[in-house]
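Below: the structure, in C-alpha cells.
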Amino acid sequence: MLDQLSNHLQKAMKYLRGEGKITEKNMTEALRMIRLALLEADVNYKVVKEFIEKIKRQALNEKVLSSLSPTQHVIKIVKDELTFILGAETKGLNFSNVPPSVFMMVGLQGCGKTTTCGKLAKWVLSLKKSPLLVSFDLKRLAAQDQIKQISQTLSLPFYEMTKDQVSSPQKALKDLVKFAQSRGFDPLIIDTAGRLHVDEELMKELQMVKNLLNPAEVIYVGDSMTGQDAVKSAQLFNDKVGLSSIILTKLDGDARGGAALSIVSVTGKPIKFVGLGEKFDQFEIFYPDRMASRILGLGDILSLVEKAEKEADAEEAEELARKLRKQEFTLEDFKKQLVQMKKMGSLSQILDSLPTGGIYKGLSKAKIDDKKIVYYEAIISSMTPQERENPKIINGGRRRRIARGSGRPVIEVNQLLKQFFDMKKLMKKSQFQKFLSSLPPLSH
Ligand code: GDP
Numbered sequence: 004m005l006d007q008l009s010n011h012l013q014k015a016m017k018y019l020r021g022e023g024k025i026t027e028k029n030m031t032e033a034l035r036m037i038r039l040a041l042l043e044a045d046v047n048y049k050v051v052k053e054f055i056e057k058i059k060r061q062a063l064n065e066k067v068l069s070s071l072s073p074t075q076h077v078i079k080i081v082k083d084e085l086t087f088i089l090g091a092e093t094k095g096l097n098f099s100n101v102p103p104s105v106f107m108m109v110g111l112q113g114c115g116k117t118t119t120c121g122k123l124a125k126w127v128l129s130l131k132k133s134p135l136l137v138s139f140d141l142k143r144l145a146a147q148d149q150i151k152q153i154s155q156t157l158s159l160p161f162y163e164m165t166k167d168q169v170s171s172p173q174k175a176l177k178d179l180v181k182f183a184q185s186r187g188f189d190p191l192i193i194d195t196a197g198r199l200h201v202d203e204e205l206m207k208e209l210q211m212v213k214n215l216l217n218p219a220e221v222i223y224v225g226d227s228m229t230g231q232d233a234v235k236s237a238q239l240f241n242d243k244v245g246l247s248s249i250i251l252t253k254l255d256g257d258a259r260g261g262a263a264l265s266i267v268s269v270t271g272k273p274i275k276f277v278g279l280g281e282k283f284d285q286f287e288i289f290y291p292d293r294m295a296s297r298i299l300g301l302g303d304i305l306s307l308v309e310k311a312e313k314e315a316d317a318e319e320a321e322e323l324a325r326k327l328r329k330q331e332f333t334l335e336d337f338k339k340q341l342v343q344m345k346k347m348g349s350l351s352q353i354l355d356s357l358p359t360g361g362i363y364k365g366l367s368k369a370k371i372d373d374k375k376i377v378y379y380e381a382i383i384s385s386m387t388p389q390e391r392e393n394p395k396i397i398n399g400g401r402r403r404r405i406a407r408g409s410g411r412p413v414i415e416v417n418q419l420l421k422q423f424f425d426m427k428k429l430m431k432k433s434q435f436q437k438f439l440s441s442l443p444p445l446s447h
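Under our numbering, the letters of the sequence shown match residues 4 to 447, in that order.
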C-alpha cells in the first residue's frame, strides 16, 4: 500500500514538475492523483476531501517563495498536511494521578501485542518506573508463559493469575491492583486475550476489564503489515471498547505508511510508538513528520522536500536578520522567530554567544524558555494584525482579551510584551547593532 501511495504521489508531483506557476488547471490533475492515492490507502473519504481542499487552497493562495519551484511548494504543503493528519506532534503516554496507571493492551492475535508489552515495559523502565507485566486472558492460561518469560528477560517479577482467580475476574483484578499498590508497581501493563478475528465475546471481556481497571491507556496494537485489516479492526476495537492510543508494529518490514494514515484518521487516536523488530529495544516514539516523509517516499521526493524546507528557512531567516538590523522587527516577526527557534534555536544561539556584561547586561532576560515558545506563539496568534504591527496599542483591556483568546494568563501576555520591548531596546544599542550586522545569515 505504501508503495502504491508513494507512486501515485510521485506521479502527481512529476506532473507539476516543470510547470512555472501553479494554476487551477495544472493543480487539478495533480490533486486527482493525490486523492486517488489516499483513497486507495483506505483513508477516510472525508479526510481525503478536506485534505485535497486544504492543499488546493494553500497552493493557490500562498505566495510561492522565490526559492521554491511550484512542485517543491506543493510537496511541502502535502508533507505538512500529512504530518498534521498523522498527529502534528508526538504525544506521550498518559499516566493516572493515583498509581498504578494501567496500560491495557488490545489487538488481534499475532499483531505483536505480547512482544509490545515487553517493549513498553522496557521503555518505562528507562523512565525510572517499576512496571509489572500481567497476562489477563480468561481462556488461555498458557498465554501467561510468554509474559513470564518476558518478565524474566527484563528482570521483572512475575504476577501469576491462577485458574481460580481467572474464574472470578472481578476479584482477580481488584487483588492485582492492591498487590501493585502495596509493592509500588507502576504502571501495570495488562496483556489481554487476542483472537484471529474480532468477536463479540472478546469485546465483552475487554469491556469488563476496562470497566474494572479504569486504565490510563487502552492501547491498540496493530500489525502494519496487515494494512487495511489493521485499520478495520482498530475501528471495531475503538467502537466497542474505546481506545486511547495506538502502537503500530512491524514497521521494519514492508512498512505500510497508508495504514498509519488510515488508522489515525479513522479512529482519531494518536500513534504513540512504533515497533521496528522483534527485540525489546526495537521500539521508538512515533514521529508524525518522519512518517509523512516515509509516505511521500524516500529518495527523490524526500530530498526535494528537505531542500525546499531548508531554502524556505534560510530565506525567512535572512529577512528577519534584515529587519532586526533595520529596527523593523514586529511581533509578527517575533512569532516567526519563535517558529524558527523551535527548529534551530537561532536567536537563542546568538543570545547565548554574547558576553554577559557591559551593554549586554540583562540580555539573558530577553531569552525565552523553550517551553514558553508554544505558549507565546498562541498568544501572538490571538492578537489582531494591528496589535502585532504596533504592540504599543495593547492596553489592559486588549491584554485581557488576548489572554482569553489564547487560553493563557494575563501575566504571561505581560511577560511576552516585556520581553519583546526589552529585545527591541537592546537592538537599539549601537554596539548590538554592529554585532548583528557582523553576523552571517541566521540560518547558518
Ligand atoms: P501477539 O499474538 O499479538 O501477542 O503477538 P506476539 O507478540 O506473540 O508476536 C507475534 C510475532 O510477531 C512474533 O514472532 C514477534 O517476534 C513478532 N513481532 C512483534 N513485533 C514485531 C515488530 O515490530 N517487528 C517484527 N519484525 N516482528 C515483530
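Every residue gets a Cβ at the ideal spot worked out from N, C-alpha and C, and that includes glycine.
Item                                                                                                        : Value
Closer than 8 angstroms to chain D by CB, L264                                                              : In the displayed structure, chain D is absent; only one protein chain is listed.
Cβ contact check for the stretch 83-92 and the stretch 226-237: 3 or more pairs under 8 angstroms           : no
Enclosing beta strand (DSSP E) for L251 [first to last residue]                                             : 248-252
Nearest residue (CA-CA) to M107, options L246, L251, A183                                                   : L246
Residue environment, S103, which counts as buried when at least 16 other CB atoms sit within 10 Å           : Before going further, note that residue 103 is Pro rather than Ser in the sequence given. Per the 10 Å Cβ criterion, buried.
Residue of D292, S296, V416, A183 minimising C-alpha distance to K94                                        : D292
Distance cut-off 7 angstroms: E281 Cβ against heavy atoms of the ligand MG                                  : The ligand content of the structure shown is limited to the ligand GDP, which means the ligand MG is not among them.
For A263 and I2, believed in contact at Cβ under 8 angstroms, the rounded distance                          : Since the first and last residues shown for the chain are 4 and 447, residue 2 lies out of range.
Sufficient close CB pairs (3 or more, under 8 angstroms) joining the stretch 281-290 to the stretch 124-139 : yes
Enclosing beta strand (DSSP E) for D140 [first to last residue]                                             : Unbroken run through D140: none, as it is neither H nor E.
Reduced DSSP category for K428 - H, G, I as helix; E, B as strand; rest coil                                : helix
Alpha-carbon spacing of S185 relative to Y48, whole angstroms                                               : 50 angstroms
The ligand GDP heavy atom lying under 7 angstroms from the CB of K275                                       : no
Three-state secondary structure (DSSP) of M211                                                              : helix
Candidates L279, D242, G278: closest to T270 by CA position                                                 : D242
Alpha-carbon to alpha-carbon, V109 and M294                                                                 : 23 angstroms
Per-residue DSSP class, three states only, for K94                                                          : coil
Endpoints, alpha helix (DSSP H) assigned at T195                                                            : Not the alpha helix (DSSP H): T195 falls in the beta strand (DSSP E), residues 191-195.
For F1, the residue or residues it bridges with in DSSP                                                     : The requested residue 1 does not occur in the structure, where the chain is confined to residues 4 to 447.
The ligand GDP heavy atom lying under 7 angstroms from the CB of T229                                       : no
Cβ-Cβ distance between S175 and K142 below 8 angstroms                                                      : Looking at the sequence provided, one finds Ala at residue 175 rather than Ser. No, they are not a contact pair.
Residue closest to L159, alpha-carbon to alpha-carbon, out of Q147, T165, S133                              : S133
Secondary structure of I397, DSSP reduced to three states                                                   : coil
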